[in-house]
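In mature numbering (1 follows the signal peptide of the UniProt record, and there is no 0), the protein residues as written are -24 to -1, 1 to 580.
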């Protein structure tokens, strides 16, 4: 445990709760002035808080948690603030905002945190508890602080100051807590600034808040009307930074916004994003954006390529590119035709004449993943290319096979028939896997490369019987993020893919990073000047059990016991301009006892 332990744990719980947000009007962010460069805001509904409360109680009421709390108390010199944690359940909204100093961009930005509760008493009760805990912590740290109560701009304010003004360890920082009705706020700023007046005005008058910003409103609308949280970053401020790369980024990007929401039972998280592009002025940036728009902009699809894959596919990634003659006339790509011709391949006749620009790769399931080791089998792997001409696609393959023959040890391609389709087969010699081969042929509207005849036959069956295709897979359809305008789409059955992958190497013995993730799906599109995308995660929270929580808390306690004081000192060392002078470093680090004491102090 460290001296920032209370804040850290509170923020972890708040962060978890933040994923359970549900807004009535996400574009309303009272208390955030118009000039905010960065905003993250969310609200919570009762159903989600109730669901999250179950897991909260599972942690707080676990017998192992009492041991962790005891260790915290021993290290910090103050009781663990369970009552403070309980108040987190009363949160109805949380907002974080940052404001740059436009006159001196190198200054640290002003940071404002606004927490709204379901009653007017909660802010006062929380503030009283914070005063006690922070005062006790600061005493043990040897940097005692005091809270001065006052009224500023019509709200109650608690200003944090160093008790000994001659040793002002807060440097030039001004930290204030303030309360207005059911709102508890905190702001951190340089002492020569005072943004409280603007914050209070924005709390009382929506027209003075960022909600009145046309750019912010547009960002919320594009992120989706049903979103339940919003992260917004206005890049305009980057133009004032003396950094060429930052300026070029701001020249290309207008703003970035991420909106999200979660199901009431917390099992499904959806994030929608938009990157709004500018009409760039920088020539280099303009060229890069032009290529991107020509390559992936304005995509229109008649159907999604998942119709060409069997329903047992557990990983699917596809790209749709605008491959045209005009694209290869650009100076940056103009050399490609000549380079291909050196190998006897015509870009126009051998590639663009049939290749639609749609490319996908997929991995199939293995019913018993242990067979990877026991029987040396691999999952079915597919590479698909949207093809408008089986004949022309076949001619390109013939040319490529002819070129491959010049390489020593190149496999011999054989003509064969699989599922009534003429194919080329290339046995993959020297691999440890059973029946490994490349099978190439046209299935419907796609030229397919599969890693076995069985895999190729499965793909052919999916095209022949649509109900057996990935497109008709219930979970795949339920995620429903694949639209006709996307240049990229992705689908993963995390549970099954992780089980198979773990059989290939040491991953089997590593902690399961995807313990709760079941499915993941994503897409992205570029229409006009907007890059938009969606990311959906489905989880299985039933895996969070009291037993699992107990083990987690045991691990936390064990790590806190084994942490060396020297390590804590190193981690907590100030950085940048606030670092202490070298002559001051020996203080509190003289010998083992001093080092241990300093490390103990840091636990608060």
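Backbone N, C-alpha and C fix where the C-beta goes; we use that ideal spot for every residue, glycine too.
Between residue 412 and residue 404 a beta carbon distance of about 4 Å is seen, short of the 8 Å cut, so the two are scored as contacting. A straight-line Cα-Cα distance of about 14 Å links residue 528 and residue 32.
Bounds of any beta strand (DSSP E) do not take in residue 176; it lies within the alpha helix (DSSP H) bounded by 172 to 180. The secondary-structure analysis by DSSP pairs residue 422 across a beta bridge with 362, 419.
Residue pairing from DSSP places residue 92 in a beta bridge opposite 69, 159.
The three-state reading of DSSP puts residue 341 in coil, since its state is none of H, G, I, E or B. In the three-state scheme derived from DSSP, where H, G and I count as helix and E and B as strand, residue 84 is classed as coil. Residue 301 and residue 316 have their C-alpha atoms spaced approximately 14 Å apart. Residue nearest to residue 365 within the set 30, 326, 81, 219 is 326 (criterion: CA-CA distance).
Here residue 191 carries a helix assignment [DSSP, helix/strand/coil]. Residue environment analysis places residue 480 among the exposed positions, since fewer than 16 neighbouring C-beta atoms fall within 10 angstroms of its C-beta. Look at residue 502 here: in three-state DSSP terms it is strand. If you draw a 10 Å sphere on the C-beta of residue 472, you find 16 or more other C-beta atoms in it, and that means buried.
DSSP places residue 437 outside any beta strand (DSSP E); the residue lies instead in the alpha helix (DSSP H), whose first and last residues are 429 to 440.
Separation of the CB atoms of residue 251 and residue 272 is rounded to 13 Å, and the pair is thereby denied contact status at 8 Å. By the C-beta density criterion, residue 517 is exposed, having fewer than 16 other C-beta atoms within 10 angstroms. Within the segment 185 to 268, the runs of beta strand (DSSP E) that reach at least 3 residues and sit entirely inside it are, in chain order, 205 to 210, 229 to 238, 244 to 253. Under the DSSP definition of a beta bridge, residue 31 lacks any partner. In the assembly as shown, residue 383 is an exposed residue. Its beta-carbon has fewer than 16 other beta-carbons within 10 Å. Going by DSSP, residue 533 is part of the alpha helix (DSSP H) stretching over 522 to 538. In the structure shown, residue 54 adopts coil according to DSSP, grouped into three states. Under the DSSP assignment, residue 480 falls outside any beta strand (DSSP E); it carries neither an H nor an E label.
Here residue 320 carries a coil assignment [DSSP, helix/strand/coil].
Within the same chain, no Cβ atom closer than 6 Å to the Cβ of residue 58 is found once the five residues on either side in sequence are excluded. Cβ contact annotation for residue 409 (same chain, cutoff 8 Å, sequence separation greater than five): 352, 353, 354, in chain order. In this structure, residue 136 keeps its C-beta atom at 8 Å or more from the C-beta atom of residue 126. By the Cβ test, the segment 330 to 342 is not in contact with the segment 301 to 311, since fewer than three Cβ pairs between them sit closer than 8 Å. For residue 114, the enclosing alpha helix (DSSP H) stretches over residues 97 to 117.
Relative to the Cα of residue 248, the nearest Cα in the group 281, 186, 105, 195 belongs to 195. DSSP places residue 123 in the uninterrupted beta strand (DSSP E) bounded by 121 to 128. The shortest C-alpha to C-alpha distance from residue 157 to any of 167, 179, 348 is the one to 179. The distance from the Cβ of residue 75 to that of residue 86 is about 4 Å, consistent with a contact at the 8 Å cut-off.
In the three-state reduction of the DSSP assignment, residue 40 falls in the helix class, which pools H, G and I. Per the C-alpha coordinates, the member of 402, 504, 443 positioned closest to residue 426 is 402. Judged by their CB atoms, residue 519 and residue 491 are nearer to each other than the 8 Å cut-off. Straight-line measurement puts the Cα of residue 438 at about 15 Å from the Cα of residue 279.
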